[in-house]
Amino acid sequence: MAKPNIYIGLMSGTSMDSVDAVAIDFQNGHIQMLGNHSHPIPDRLKQDILALCQPGLDNVDLYGHTDRALGDLFSAATLALMEKTNINTEQIIAIGSHGQTIRHQPPGTSHGFTLQIGDPNIIAIKTKCAVVADFRRADMALGGQGAPLVPAFHHHYFAEPSKHRIILNIGGIANITILKNNNCSGFDTGPGNLLLDSWCLKNTGQPFDDKGAWGDTGNLSRPLVDKLKLHPFFKLKPPKSTGRETFNASWLEQQLTGHTLLAKDIQASLIAFSAETISEAIARTGEPVDDILVCGGGAFNTSLITALKKNITLCGQPKVSSTIALGIDPKWVEACAFAWLAKRRIELKPANIPSVTGASRATVLGALYHF
Ligand SMILES: Nc1ncnc2c1ncn2[C@@H]1O[C@H](COP(=O)(O)OP(=O)(O)OP(=O)(O)O)[C@@H](O)[C@H]1O
Ligand SMILES: [Mg+2]
Numbered sequence: 323m324a325k326p327n328i329y330i331g332l333m334s335g336t337s338m339d340s341v342d343a344v345a346i347d348f349q350n351g352h353i354q355m356l357g358n359h360s361h362p363i364p365d366r367l368k369q370d371i372l373a374l375c376q377p378g379l380d381n382v383d384l385y386g387h388t389d390r391a392l393g394d395l396f397s398a399a400t401l402a403l404m405e406k407t408n409i410n411t412e413q414i415i416a417i418g419s420h421g422q423t424i425r426h427q428p429p430g431t432s433h434g435f436t437l438q439i440g441d442p443n444i445i446a447i448k449t450k451c452a453v454v455a456d457f458r459r460a461d462m463a464l465g466g467q468g469a470p471l472v473p474a475f476h477h478h479y480f481a482e483p484s485k486h487r488i489i490l491n492i493g494g495i496a497n498i499t500i501l502k503n504n505n506c507s508g509f510d511t512g513p514g515n516l517l518l519d520s521w522c523l524k525n526t527g528q529p530f531d532d533k534g535a536w537g538d539t540g541n542l543s544r545p546l547v548d549k550l551k552l553h554p555f556f557k558l559k560p561p562k563s564t565g566r567e568t569f570n571a572s573w574l575e576q577q578l579t580g581h582t583l584l585a586k587d588i589q590a591s592l593i594a595f596s597a598e599t600i601s602e603a604i605a606r607t608g609e610p611v612d613d614i615l616v617c618g619g620g621a622f623n624t625s626l627i628t629a630l631k632k633n634i635t636l637c638g639q640p641k642v643s644s645t646i647a648l649g650i651d652p653k654w655v656e657a658c659a660f661a662w663l664a665k666r667r668i669e670l671k672p673a674n675i676p677s678v679t680g681a682s683r684a685t686v687l688g689a690l691y692h693f
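First residue of the sequence shown: 323, per the numbering used here; consecutive thereafter.
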């Protein structure tokens, strides 16, 4: 029997749009994607996760039930991927499961904590595969933010030594990886799609604004965009990370007080808010950038990318394209990163980058679950 050669990556981010699953063969130093699958998250489960994301709601029963339900969902996503791609258990080295973040509280005045749920024991038992999970807490134990973790993967596969390159992941939250002269840094820039999705759902009933077409029909309100940009997160120096606790629908509602605007104008303002805070974060890194490669679902929001290109002149004249230019569809980059992080854990190689997270040293990330 041939040796197992496949890692599975499972990602469900802050957007809660779907569970993304990929099967990757990393042999020969390349990312060979053998298959991918996007698994829906049932509405009821989404409501439970959103409830658990509310600071102050400490319902241990709901936590326990949702942890199990997500374990089942991640197993189903993996089994569907295996069937679709015609892969069997014996071919898989391990599954890297990020889990669903229900709380991310970076270290500040007190110790930080971060919680990703979706019981890895269930995934291991149901898929009959080894599972790596709980990727963030070792970094936090070392004083780090526990996020972002994808820069190590970006550095490994996407760095181009002769170029000052930025990988921009626009998920619910946006984060950048700065690759230059073999160095790697990075941080969360603030909201990516999260506020766009929640405002769109509330006003149109659609879970996201396809290609940003609705937002495109509105006119941005400069006073509103400037007010949103006053949030203290944007003044923080890296290392920094953020999440739903900080940027969410109720924060947005508070900011809207005193503004009489059409819903579509607010959507246009939110597009500008994401685009400007991303560009300004890149500009603050201080040097002209050669190219910016975008991944995450935000890469499909034409209106957001157009706004980004308009503002990005703050950072020189970088070429802005998607990670398709590097051979990976932007939709799957994060899931690929967690397949690779599982590989690092199996090989007992460090995976956090202290200059990104602020941890006191590099360490092996993740815990291993057997079936
Ligand atoms: N065609 C599209 N038009 C506009 N926006 C899109 C489109 N496709 C995806 N998106 C946006 O991308 C989001 C999903 O992005 P993604 O899966 O990268 O984020 P995530 O799950 O929050 O991951 P993370 O926060 O970990 O990076 C959707 O919720 C939506 O806002
Ligand atoms: Mg997603």
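Backbone N, C-alpha and C fix where the C-beta goes; we use that ideal spot for every residue, glycine too.
Residue i vs residue j beta-carbon contact at 8 Å
i	j	result
Asn633	Ala597	yes
Ala657	Leu395	no
Ile593	Leu518	yes
Gly494	Asn515	yes
Leu670	Leu471	no
Met462	Gly418	no
Phe457	Gly688	yes
Thr511	Ala603	yes
Phe530	Ser563	no
Ser413	Asn350	First, the residue type needs correcting, since residue 413 is Gln and not Ser in the sequence shown. Contact: no.
Ile330	Gly393	no
Leu379	Asp370	no
His476	Leu501	yes
Pro513	Val678	no
Same chain only: Cβ atoms within 6 Å of residue i, ignoring 5 sequence neighbours per side
i	result
Ala605	Leu636, Cys637
Ser334	Val341, Gln422
Ala474	Ala673, Ile675
Gly430	none
Ser591	Leu542, Ser543, Leu546, Val547
Ser682	Leu464, Gly465
Asn525	Ala585
beta-carbon residue i near ligand 2 non-hydrogen atom, thresh 7 Å
i	result
Gly619	yes
Gly680	no
Asp342	yes
Gly440	no
Asp519	no
Gly540	no
Asp339	yes
Gly331	no
One or two residues paired with residue i in a DSSP bridge
i	result
Cys506	Leu501
Cys617	Asn491
Lys641	Asp613
Ala496	Ile492, Gly512
Asn358	Val344
Gly331	Val344, Gly418
Close beta carbons around residue i, own chain, < 8 Å, minus the five adjacent residues each side
i	result
Thr645	Phe480, Ile489, Leu615, Val616, Cys617, Ala621, Asp651, Pro652, Val655
Ala402	Ala343, His359, His361
Glu567	Cys375, Pro377, Arg425, His426, Gln427
Gln639	Pro610
His352	none
Continuous beta strand (DSSP E) stretch holding residue i: start and end
i	result
Gly418	414 to 419
Val453	453 to 455
Leu437	435 to 439
Ala689	689 to 691
His426	422 to 427
Residue i: first and last residue of the uninterrupted alpha helix (DSSP H) it sits in
i	result
Arg390	382 to 407
Asn525	516 to 526
Asn443	442 to 449
Ser596	585 to 606
Lys653	Run containing Lys653: none; DSSP gives neither H nor E here.
Leu372	365 to 375
Leu626	624 to 633
Pro473	473 to 480
Ala535	535 to 538
Pro676	676 to 679
Met462	459 to 463
Lys549	544 to 550
Ala571	571 to 578
heavy atom of ligand 1 below 7 Å from residue i C-beta
i	result
Phe622	yes
Glu567	no
Phe530	yes
Asn358	no
Lys671	no
Asn491	yes
Asn515	yes
Lys725	Within the shown structure, residues of the chain are numbered from 323 to 693, placing residue 725 beyond reach of any answer.
Neighbourhood of residue i by C-beta, 7 Å cutoff - its chain only, sequence neighbours within 5 removed
i	result
His446	With the sequence shown as reference, residue 446 is identified as Ala, and His is not the correct amino acid for it. Hits under 7 Å: Ala452, Val453, Tyr691, His692, Phe693.
Check: residue i C-beta below 7 Å from any heavy atom of ligand 3
i	result
Ser334	With respect to ligand 3, the structure shown offers nothing to examine, as its ligands consist of ligand 1 and ligand 2.
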